[in-house]
Amino acid sequence: MVIAYLGIGSNLGKRKKNIQKAVHLLANTSGIKVEKISSLYESEPVGWKNQPWFINGVIKIKTTFPAEKLLNRLLEIEKFFGRKRSKTNRGGPRIIDLDLLLYGKEIIKIPGRLQVPHPEMEKRKFVLLPLNEINPRIYHPKLKKTVHQLLSKIKNNPDQVIKILTLHKIRSGSLITQISKRLHRC
Numbered sequence: 026m027v028i029a030y031l032g033i034g035s036n037l038g039k040r041k042k043n044i045q046k047a048v049h050l051l052a053n054t055s056g057i058k059v060e061k062i063s064s065l066y067e068s069e070p071v072g073w074k075n076q077p078w079f080i081n082g083v084i085k086i087k088t089t090f091p092a093e094k095l096l097n098r099l100l101e102i103e104k105f106f107g108r109k110r111s112k113t114n115r116g117g118p119r120i121i122d123l124d125l126l127l128y129g130k131e132i133i134k135i136p137g138r139l140q141v142p143h144p145e146m147e148k149r150k151f152v153l154l155p156l157n158e159i160n161p162r163i164y165h166p167k168l169k170k171t172v173h174q175l176l177s178k179i180k181n182n183p184d185q186v187i188k189i190l191t192l193h194k195i196r197s198g199s200l201i202t203q204i205s206k207r208l209h210r211c
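So for the sequence shown, my numbering puts the first residue at 26; every next one is plus one.
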């Protein structure tokens, strides 16, 4: 099994419910085991500023899937929500966004299809904060730095990122049940 880290975000509709449902779909996929979920963070959009703020988090999984098959599953889940990826809507509003951030210690580049580590993740506070929360020693295989080291370089980043919900401190019951109960209360 390979440990992978996924970015998850939503800025349309019931954002927390979208995230809850996407995590549920991931957790119920044979070959994927959800290990840990970061707190959720509300963040201002990057690039395309005239859109609602996002709720973002990071999910640690163990998987038997090769990287490209995992990417296909993430795209299937996005499609289930009605997301249509296009070059003209890049960075625009979305019901759900699932990104493969890290896949073991691998560096993968399939032009126009898949790039791991996720490009520019080291510049995005809304990715690094939840990754650092899960494990500050996660290693970026291309940059040869830990997530904590990368985060320390962007502490004065002007993009606002605000922790809104801590999920990882819940201790009883299954992970998905815990998340569902916690998100439902918000």
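Where a beta carbon is used, it is the ideal one built from N, C-alpha and C, also for glycine.
All values reported here derive from a predicted model rather than from experimental measurement.
| Asked | Found |
| --- | --- |
| Do Leu96 and Leu154 have their C-beta atoms closer together than 7 Å? | no |
| What residues match up with Gly34 in a beta bridge as DSSP calls it? | Asn81, Asp122 |
| From this set, Gln174, Phe151, Asn160, Pro161, which residue's C-alpha is nearest Ile187's C-alpha? | Phe151 |
| Can you tell me the Cα-Cα spacing of Pro70 and Ile121, whole angstroms? | 14 Å |
| Can you say whether Glu145 is buried or exposed, counting buried as having 16 or more other CB atoms within 10 angstroms of its CB? | exposed |
| Specify, as a first and last residue, the run of the beta strand (DSSP E) that Ile187 falls within. | 186-190 |
| Go to Leu65, then tell me how far its beta strand (DSSP E) extends in each direction, as first and last residue. | 65-68 |
| Classify Leu168 as buried or exposed, calling it buried when 16 or more other Cβ atoms lie within 10 Å of its own Cβ. | exposed |
| Put Ile163 into one of helix, strand or coil per three-state DSSP. | coil |
| Assuming Val172 is part of the beta strand (DSSP E), what are its boundary residues? | Run containing Val172: none in the beta strand (DSSP E); it sits in the alpha helix (DSSP H), 172-178. |
| With a threshold of 16 other CB atoms inside 10 Å of the CB of Gly32, please say whether the residue is buried or exposed. | buried |
| Three or more beta-carbon pairs under 8 Å between the stretch 34-42 and the stretch 83-93, yes or no? | no |
| I'd like to confirm the pairing. Which residues does DSSP put opposite Val141 in its beta bridges? | Ile133 |
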